[in-house]
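Student:
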């Protein structure tokens, strides 16, 4: 049949990069996945104009964003995906992440929070932290990711999106 294309992002902190919107539009993403620290509901609305959205709240998401869940689990073709914002790293997953991985046994695990892009394997799952794509934080480079899932075989391939340095946006260092 073909690929299901997922756009994966995290830590927008209230600002969605127009360049990233263009990438998601050009790649004709089927589903957008935001791994928390959204910042404002407007970011979610902008994403919803492109494709359906799966969202978890992050540690800065209060007010209008507090109703989003801390974790979500959903299927993409034949693959199971689990997501939460704060999860640690593949080498040192936090307790909540370990429990989610053990309970759900996902094929793909997505998180954010660290602002550092990381890809690894934990308990059989592909671990993806896309890195931060917003202008707020200590990161000096901004990233997002694409994940292509074959609808028939379930095989998947990830592509990192490098959005350039945070400093070029005029963000405080």
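Numbering (full-length UniProt numbering), first residue to last: 1 to 173. Glycine included, each C-beta is placed from N, C-alpha and C at the ideal position. This structure is a prediction, so every number in the text was calculated from the model and none was measured.
1) How is residue 151 classed by DSSP in three states: helix, strand or coil?
2) Between which two residues does the beta strand (DSSP E) holding residue 80 run?
3) Look at residue 154 and residue 130 and say whether their C-beta atoms are less than 9 angstroms apart.
4) Using beta-carbon positions only, say whether residue 77 and residue 4 come within less than 9 angstroms of one another.
5) Using three-state DSSP, classify residue 13 as helix, strand or coil.
6) Is the region 130–145 close to the region 68–84, with three or more CB pairs under 8 angstroms?
7) Looking only at its own chain, which residues have a Cβ that is under 6 angstroms from the Cβ of residue 60, when we skip the five neighbours before and after it?
8) Just to confirm my understanding: we take residue 115, look at its own chain, exclude 5 residues before and 5 after, and list those with CB closer than 7 angstroms. What are they?
9) Going along the chain, which residues of its own chain have a beta-carbon closer than 8 angstroms to the beta-carbon of residue 21, five neighbours each way excluded?
10) Please report the distance separating the alpha-carbon of residue 30 from that of residue 91.
11) Residues in its own chain within less than 6 angstroms of residue 39 by CB, not counting five upstream and five downstream?
12) Could you give the distance in angstroms between the alpha-carbon of residue 23 and the alpha-carbon of residue 158?
13) Report all residues from its chain with a CB closer than 6 angstroms to the CB of residue 123; omit the five preceding and five following residues, and keep chain order.
14) Pull up the distance between the alpha-carbon of residue 83 and that of residue 110, whole angstroms please.
15) Grouping DSSP H, G and I as helix and E and B as strand, with all else coil, what is residue 45?
16) Please report how far the alpha carbon of residue 67 lies from the alpha carbon of residue 41, in whole angstroms.
17) Based on the DSSP output, what are the partners of residue 6 in its beta bridges?
18) For the beta strand (DSSP E) containing residue 107, list its first residue and its last residue.
Tutor: Let me lay it out:
1) The residue labelled residue 151 in the question sits at position 151 within the chain shown. Here residue 151 sits in coil by DSSP.
2) Translated into positions along the chain shown, residue 80 becomes position 80. It spans 79–84 - the beta strand (DSSP E) in which residue 80 sits, taken as one unbroken run.
3) Walking along the chain shown from the start, residue 154 turns up at place 154. Walking along the chain shown from the start, residue 130 turns up at place 130. The answer is no: Cβ separation not under 9 angstroms.
4) The sequence position of residue 77 within the chain shown is 77, counting from 1. The sequence position of residue 4 within the chain shown is 4, counting from 1. It is a contact, given that the beta carbons lie within the stated cut-off.
5) The residue you call residue 13 lines up with position 13 of the chain shown. Here residue 13 sits in coil by DSSP.
6) no
7) Taking the first residue of the chain shown as 1, we reach residue 60 at position 60. If we look at residue 60 and ignore the five residues flanking it on each side, its Cβ neighbours are 37.
8) Residue mapping note: residue 115 aligns to position 115 of the chain shown, counting from 1. Result list for residue 115: 11, 131, 132, 137, 138, 139, in chain order.
9) Position 21 of the chain shown holds residue 21. If we look at residue 21 and ignore the five residues flanking it on each side, its Cβ neighbours are 46, 50.
10) Walking along the chain shown from the start, residue 30 turns up at place 30. Walking along the chain shown from the start, residue 91 turns up at place 91. If I take the Cα positions, the gap works out to 31 angstroms.
11) Position 39 of the chain shown, counting from 1, holds the residue named residue 39. Correct list, in chain order: 12, 13, 14.
12) Walking along the chain shown from the start, residue 23 turns up at place 23. Walking along the chain shown from the start, residue 158 turns up at place 158. Cα to Cα, the separation comes out at about 15 angstroms.
13) Locating residue 123 in the chain shown gives position 123, where the first residue counts as 1. Counting only Cβ-Cβ distances below 6 angstroms, and skipping sequence neighbours, we find 101.
14) Within the chain shown, numbered from 1, the residue matching residue 83 stands at position 83. Within the chain shown, numbered from 1, the residue matching residue 110 stands at position 110. Distance between the alpha carbons of residue 83 and residue 110: 5 angstroms.
15) Reading the chain shown from its first residue, position 45 is the one you call residue 45. Note: residue 45 maps to helix in three-state DSSP.
16) Numbered from 1 along the chain shown, position 67 holds the residue referred to as residue 67. Numbered from 1 along the chain shown, position 41 holds the residue referred to as residue 41. Going from the Cα of residue 67 to the Cα of residue 41 covers about 11 angstroms.
17) Translated into the one-based positions of the chain shown, residue 6 becomes position 6. BP columns for residue 6 point to 31, 147.
18) In the chain shown, counting from the first residue as 1, residue 107 sits at position 107. Residue 107 -> no beta strand (DSSP E), and no H or E assigned at all.
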